[in-house]
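Q:
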Amino acid sequence: MSDNSSSSLRTPIVAVLGHVDHGKTSLLDKIRGSAVSEGEAGAITQHIGATAVPLETVSEMAGDLVKVEDFDLPGLLFIDTPGHHSFSTLRSRGGALADIAILVVDVNDGFQPQTEEAIDILRRTGTPFVVAANKADTTPGWNPNPDSPIKPSYDGQSDNARKRLDENLYRIIGELSDAGFSADLYWRVQNFQRNIGVIPVSALTGEGVPDLLAVLMGLSQRFMKEEMEIDVGGPGKGTVLEVKEERGFGSTLDVVVYDGIIREGDTIVVGGKDEPIVTEIRALLQPRPNAEIRVEKRFDRVEEVGAAAGVKIAAPDLDDAIAGAPVRVVRDQPLADVIEAVESELAEIEVETEDNGVVVKADTLGSLEAMANALKEAEVPILRAEVGDIAPRDVAVAGTANQPEEKVILGFNVDVLSNAERELENSDVRLFNDDVIYQLIEEYEGFVEELKRAQQETILDKIVRPARFRVLEDHVFRQSNPAVVGVEVMSGTMKNNMRVVKFENNEPQRVGELSGIQEQGDDVSQARAGTRVSVAIDGPTVGRQIDEGDELWIELPEKHAKILEQELRDEIPADELEALSGYLSKQRSRDPFWGK
Ligand code: GDP
264 MSDNSSSSLR TPIVAVLGHV DHGKTSLLDK IRGSAVSEGE AGAITQHIGA
314 TAVPLETVSE MAGDLVKVED FDLPGLLFID TPGHHSFSTL RSRGGALADI
364 AILVVDVNDG FQPQTEEAID ILRRTGTPFV VAANKADTTP GWNPNPDSPI
414 KPSYDGQSDN ARKRLDENLY RIIGELSDAG FSADLYWRVQ NFQRNIGVIP
464 VSALTGEGVP DLLAVLMGLS QRFMKEEMEI DVGGPGKGTV LEVKEERGFG
514 STLDVVVYDG IIREGDTIVV GGKDEPIVTE IRALLQPRPN AEIRVEKRFD
564 RVEEVGAAAG VKIAAPDLDD AIAGAPVRVV RDQPLADVIE AVESELAEIE
614 VETEDNGVVV KADTLGSLEA MANALKEAEV PILRAEVGDI APRDVAVAGT
664 ANQPEEKVIL GFNVDVLSNA ERELENSDVR LFNDDVIYQL IEEYEGFVEE
714 LKRAQQETIL DKIVRPARFR VLEDHVFRQS NPAVVGVEVM SGTMKNNMRV
764 VKFENNEPQR VGELSGIQEQ GDDVSQARAG TRVSVAIDGP TVGRQIDEGD
814 ELWIELPEKH AKILEQELRD EIPADELEAL SGYLSKQRSR DPFWGK
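Number 638 in this note's numbering belongs to position 375 of the sequence shown; there are no gaps in the numbering.
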C-alpha cells in the first residue's frame, strides 16, 4: 500500500440544480456569504470550482439544527457552477460525481422545463436530493426573519401568508409526485431516503438555509457515510470539470478530486479526445484569496490536495483532455492498469451510434451522454457523437446523409469554428445549437415536422384531389363536343383537365375529361366547394352519358385515393375529406378492398 494510507471520511460533494432564474446562484452566494460573516478566517475555503464549508461553520450557521458532536463527516463541498449542465459533467465511475443535490424550485413558478430535466438526471443517476422551495419571502404578507430556521419563521407568519405559501408548496409536492417522487414538507419527513424533503427557503433573507444545511448533513451522515470512506493517502481520483487555457500554464484542468490524494509531480492519466493522456503534474493551483486580487498571480501553488476538493492541474499535453473525463494518479499500480481503468470508464460513456442519423457535438462527456439519452427517448438516431466544437469535418459527415432530416448537426453548448461556419454556409447541412437540451430537441423536432409538411405539400400538389359536383337543372349550354353545363361543386375542389366519372349502381363509369371551367364568364383553373361554375366536358353527350341533376365525381386513381386516406387525411380540408369518403364508400360497396 501507499505511504500513510488510511481510511477516513471525506466531504460529501453537493451540486445545485434547477430552472434558470429560480435562484441557484443566489442560494450558493447566500451559503458562502453567511458562512464568511458567521465565522472567522477558515470559515470556508475557496477551491477551484468548489467551496468547502467545514462542519464547524455548518454548525454555526445551522444553530441547534446541526450539533458538531453528532457528525463525523468533515463538512460539505459545494460545486460552484450551478445547473444540471455542470452536474451532468460531474460524473465518476458511471454515476454522478455529486453525492447529493439541491433542486432549487421557485415557489411561485413551480416545475419548469429545466426542473423536469434536472429531475430526470437525478433519477437516472440515483442521486439523493432535497428540494429548496426558494423565494418564500415573496409570499404576499411575508414577514422576514433573516437567517432563521424556516419552521419558527413559517409558524410565526400570518394565517394568510402561510396559506398562500402552503398552496405553492403543495403544488410543488404534487409535481414531485407526478415525477414519481414521494415528497413532503421536510419537517414531516421521517425517512429522507424514501421521501424527498421540501424545504421552504429564501436565498434573499437566508430563511431556511440552516434547515437546508441540516438536511444535507443528515442525509449524508445517515445514508452515505460508507460512500464517504476513502483511502486518504491513496492515489487521487477525480473528474475534469473544465479544460482551460491559463496564461503562463497553457492548457490546465479544473478537477474535482473525490478520492485519495494528488501531489505535485504525480504521474496522471486523463481521458483525452482520441486516447488517454499520460502526463506529469507541474503544479497544483488554488485561487488566491480576494485580498490579494491586485497581485498579478491569480493562483497559489499547493503541494497536494486530498479528497474532496477542487483544484487546477497544470501539466504538459493537456490540449486534448475532455471535460467530464476521469483523472487518475498513477501510484503503486502499473501504468497500463491505470490506462485501462480510464479507458473502460470512457467506454461506459460512449454513445450508441447507427449507420444513419444526426451528428451530435457537446462540450463535455456528461452532456454528450445526456444529449444521447434525450435523443434516444425522442427516437432520433445518431450517426456520430463527439465532445468538442463544431469543425469542418462534422459538416462534411452530416452532409453525407441521404435524408434531409439527417443532414443535421446538434450542438450542445459548443462553438462553431470559423472554417466550419464557411462550410455550413456552402452546404445544405442544418445546425441547431443551444445550451438547453430540451430546447435543442424541440427545435430539431420542429424542423423535422416542417420538413414533413413540406414533403406532404409536394405530394398533395402531384396527387389527384377528390371533388363531387352536381349538374344543375336548366343549365345545359351545349349538348356535346364538348358538353357545356352548369354545375355546383358539393365538396372538394374541382380542377381543370381531370377525368370525370359517374357511378351507376356503384359502378364507376368514366364520362369524359374536364377541358374548361368558367366562373361568371371568366376562365378559372379550379372551383371550390359551394361555388357554381360552368364546365366543358370532353366526351359525353347530355341526355345520354350525363343528365341534368346527375352527381359527378373527379376520377381518383386507386393509388392516389390510398395515399390520401392513409397519409394525408390530416392535411386536407374537411369538405375534401367528405368527397374522399363518399368516393371510397362508392368504390368499396363494389370492392371492399379498393384503395386499401
Ligand atoms: P439562477 O439562474 O437559478 O442562478 O438564479 P439567480 O440566483 O440568478 O436568481 C434569479 C433572480 O431571482 C435574481 O434576480 C435574484 O436576485 C432573485 N432571487 C433569487 N433567490 C431569491 C429569493 O429567495 N427571494 C427573492 N425575492 N429573490 C430571489
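Positions of the beta carbon are idealized from the N, C-alpha and C atoms, including for glycine.
Computed from a predicted structure; not experimentally measured.
Do you know how far the Cα of residue 458 is from the Cα of residue 378?
A: 18 Å
Q: Which residue spans inside the segment 400-440 form an unbroken alpha helix (DSSP H) run of at least 4?
A: Runs found: 413-418.
Q: By DSSP's criteria, residue 507 is part of a beta bridge. Which residues make up the other side?
A: The secondary-structure analysis by DSSP pairs residue 507 across a beta bridge with 515.
Q: Does the distance from the CB of residue 477 to the CB of residue 325 come in under 7 Å?
A: Cβ distance < 7 Å, so residue 477 and residue 325 count as in contact.
Q: Any chance you could list the alpha helix (DSSP H) runs of at least 4 consecutive residues sitting entirely within the segment 773-832, in chain order?
A: With a minimum length of 4 residues, the continuous alpha helix (DSSP H) runs that stay inside the segment 773-832 are 821-829.
Q: Among all the DSSP beta bridges, which residues are the ones paired with residue 309?
A: For residue 309, DSSP records a beta bridge to 314.
Q: Return the first residue and the last residue of the alpha helix (DSSP H) that residue 656 is part of.
A: 655-662
Q: Residue 391 and residue 272 - do their beta-carbons sit closer together than 7 Å?
A: Not a contact, by the Cβ cut-off of 7 Å.
Q: Could you please give the first and the last residue of the uninterrupted alpha helix (DSSP H) stretch that includes residue 379?
A: 376-388
Q: Answer yes or no: the CB of residue 467 versus the heavy atoms of ligand 1, is any distance below 6 Å?
A: yes
Q: So residue 376 and residue 707 are in contact, right, with Cβ under 8 Å, and what is the actual spacing, rounded?
A: Contact flag wrong, Cβ pair sits at about 15 Å.
Q: How would you label residue 832, buried or exposed, when you count the other beta carbons within 10 angstroms and need 16 or more for buried?
A: exposed
Q: Might you give, ordered along the chain, the residues of its own chain that have their beta carbon closer than 8 Å to the beta carbon of residue 542, omitting 5 neighbours on each side?
A: 530, 531, 533, 578, 579, 580, 581
Q: Who are the near neighbours of residue 407 in its chain, counting only those whose CB is closer than 7 Å to its CB and skipping five residues on each side?
A: The answer, listed in chain order, is 400, 468, 470.
Q: Per DSSP, what kind of secondary structure is residue 274 in: helix, strand or coil?
A: The answer is coil: DSSP assigns residue 274 none of H, G, I, E or B.
Q: So, residue 374 versus residue 277, is the Cβ gap smaller than 7 Å?
A: no
Q: How close, in whole Å, do the beta carbons of residue 592 and residue 499 come, if the pair is a contact with beta carbons under 8 Å?
A: 4 Å
Q: Quick check on residue 720: buried or exposed, where buried means 16 or more other Cβ atoms within 10 Å of its Cβ?
A: exposed
Q: Mind checking residue 343: buried by the 16 CB within 10 Å criterion, or exposed?
A: Burial call: buried.
Q: Let me know if residue 267 comes out buried or exposed under the rule of 16 or more other beta-carbons within 10 Å of its beta-carbon.
A: With a pLDDT of 47 at residue 267, under the threshold of 50, the modelled position of this residue cannot be trusted; read the value that follows with caution. By the neighbour-count rule (16 or more Cβ atoms within 10 Å), residue 267 is not buried but exposed.
Q: Closer than 8 Å is the cut-off here; do at least three beta carbon pairs connect the segment 416-425 with the segment 486-503?
A: Touching, no, given that fewer than three Cβ pairs across the two stretches are closer than 8 Å.
Q: Under DSSP, the beta strand (DSSP E) around residue 652 begins and ends at which residues?
A: Neither: residue 652 is in no beta strand (DSSP E) and is coded neither H nor E.
Q: Measuring only from the beta carbon, is residue 296 closer than 6 Å to any heavy atom that is part of ligand 1?
A: no
Q: Can you give me the C-alpha to C-alpha distance between residue 683 and residue 672, rounded to a whole angstrom?
A: 12 Å
Q: Identify the continuous beta strand (DSSP E) that holds residue 525 and give its terminal residues.
A: 524-526
Q: Mapping the DSSP letters down to three states, classify residue 860 as helix, strand or coil.
A: For residue 860 there is no data in the structure shown, the boundaries of the chain being 264 and 859.
Q: Could you tell me which residues DSSP pairs with residue 621 in its beta bridges?
A: 645
Q: By Cβ distance, which residues of its chain are closer than 6 Å to residue 614, with the 5 residues on each side in sequence left out?
A: Excluding sequence positions up to five before and after residue 614, its CB lies within less than 6 Å of the CB of 635, 648, all in the same chain and listed in chain order.
Q: Thinking C-alpha only, which one of 696, 608, 480, 663 is nearest residue 625?
A: 696
Q: Under a Cβ-count criterion, where at least 16 other Cβ atoms within 10 Å of its own Cβ denotes burial, should residue 364 be classed as buried or exposed?
A: buried
Q: Measure the C-alpha to C-alpha separation of residue 793 and residue 732 and round it to an integer number of angstroms.
A: 9 Å
Q: Quick test of your reading: residue 549 and residue 311, contact by CB under 8 Å. State the CB separation rounded to the nearest angstrom.
A: 6 Å
Q: Alpha carbon to alpha carbon, how far is residue 619 from residue 663?
A: 10 Å
Q: If you measure from the CB of residue 398, is any heavy atom of ligand 1 nearer than 6 Å?
A: yes
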